[in-house]
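For reference, the structure is listed below as structure tokens.
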Amino acid sequence: MGLFSSRKSKNKYATLTAKSKLTLDVVDDNKWQKCKRCNEIIYNEDLKNNLNICPKCGNYFRLTAFERIELLIDHETFFEEDMTVHSKNILDFSGYEEKLEVAREKSRMLDGVISGIGKINGIEVSIAAMEFNFMGGSMGSVVGEKITRALERGLEKKIPVVIVSSSGGARMQEGIVSLMQMAKTSGAVKRLNEAGIPFISVPVDPTTGGVTASFAMLGDVIVTEPNALIAFAGPRVIEQTVNQKLPKGFQRAEFLLEHGMVDVISERKDLKETIYRIIEKLI
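With this note's numbering applied, the sequence shown corresponds to residues 1350 to 1632, in that order.
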């Protein structure tokens, strides 16, 4: 999806014509997307010009980490940090190197987060944005380290920190080392909090697992987008655990706002301005 997609495959969609004859449309993935909500076929250029929101039904498509930086940071003010840090197969997990290579090719990133310094409407911030296309945005040792460094840069420079999360949780191929990142990132948030420096957490669709259970829900203000999925475990697991039917919209942004788990739901077109106004009030 978007500017950094390298997919060359073609999907086929069957449609009925006005004369009720079944025809076959070949849709080039590099030019078109199919909306999962309304099933409309959308030209990629139209989608891009509408901030990756379906112009037919308003469904939010995911943004890449690069697109998140472009959306939030003033033009030509972003300086990327920790560019060369990348994961290694420290536990000798079978097939992990191959999965990393596939993820790097798919996402055009060395690992699952991009971080650095930039400005939001002139205010300097330390920012990190996670990439769901990199192994489901899973948090391994490198993702945890880069998130921690982004928080520590805020502490060192005494500037606000903004982290956009999109993750399936801990990276299983790194085992306990991955789980340790929850404590490491949470400790960095605590140090930032003790110094009185604002941390704006922006969990977007989807943010789950160990990322939700650590830094993503520790922001001074938690901002998200409409209908974003934010959860720890999946609904089926929860229903089996508590032996109860979950309410409608459970784990979606609107339900979480109503129950005090997030503070603000912002439309994508207003997200930069919303974060700017929050930071402006906190610094």
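Here a beta-carbon is modelled for each residue, glycine too, at the ideal position from N, C-alpha and C.
Asked, Found
"Residue environment, aspartate 1460, which counts as buried when at least 16 other CB atoms sit within 10 Å", "buried"
"Cut-off 6 Å between Cβ atoms - residues of its own chain near lysine 1380, not counting five sequence neighbours on either side", "Asn1393"
"Residue environment, asparagine 1401, which counts as buried when at least 16 other CB atoms sit within 10 Å", "buried"
"Unbroken stretches of the alpha helix (DSSP H), 4 residues or longer, contained in the segment 1404–1429", "1414–1421"
"Nonlocal neighbours in the same chain, by C-beta distance under 6 Å from glycine 1467, ignoring five residues either side", "Ile1422, Thr1426, Phe1427 and Ile1476"
"CB-CB length for valine 1492 against alanine 1414, believed under 8 Å", "About 11 Å separates the two Cβ atoms, so there is no contact after all."
"Short Cβ contact (8 Å threshold) for serine 1515 with glycine 1486", "yes"
"Methionine 1521 versus Val1538, Gly1558 and Glu1588, residue with shortest Cα-Cα distance", "Gly1558"
"Counterpart residues of methionine 1488 in DSSP-defined beta bridges", "Ala1519"
"Minimum length 3: unbroken beta strand (DSSP E) runs contained in the segment 1576–1625", "none"
"The ligand FMN heavy atom lying under 7 Å from the CB of proline 1404", "With respect to the ligand FMN, the structure offers nothing, as it holds no ligand at all."
"Distance CB(lysine 1405)-CB(cysteine 1384) smaller than 8 Å", "yes"
"Inter-residue Cα distance where the pair is aspartate 1612 and glutamate 1543", "21 Å"
"Cα-Cα separation, alanine 1582 to glutamate 1616", "25 Å"
"Own chain partners of alanine 1532 with C-beta closer than 8 Å, once the 5 adjacent residues on each side are dropped", "Ser1563"
"Where the alpha helix (DSSP H) through valine 1451 begins and ends", "1445–1456"
"Host beta strand (DSSP E) of aspartate 1395 (start-end)", "No beta strand (DSSP E) holds aspartate 1395; the alpha helix (DSSP H) holding it covers 1393–1398."
"Distance between glycine 1568 and methionine 1483 (C-alpha atoms, nearest Å)", "Checking the sequence, you will find phenylalanine at residue 1483 rather than methionine. Approximately 24 Å between the Cα atoms of the pair."
"Contact between the segment 1570–1590 and the segment 1428–1437 (3+ Cβ pairs under 8 Å)", "no"
"8 Å Cβ cutoff met for glycine 1509 and isoleucine 1418", "Checking the sequence shown, residue 1509 turns out to be proline, not glycine. Against a cut-off of 8 Å, the Cβ pair of isoleucine 1418 and proline 1509 comes out as no contact."
"One or two residues paired with glycine 1465 in a DSSP bridge", "Glu1429 and Ile1476"
"Cβ shell of aspartate 1554 (< 6 Å), same chain only, five flanking positions each side left out", "Ala1577 and Leu1578"
"Residue closest to lysine 1455, alpha-carbon to alpha-carbon, out of Asn1438, Phe1481, Met1610 and Glu1473", "Phe1481"
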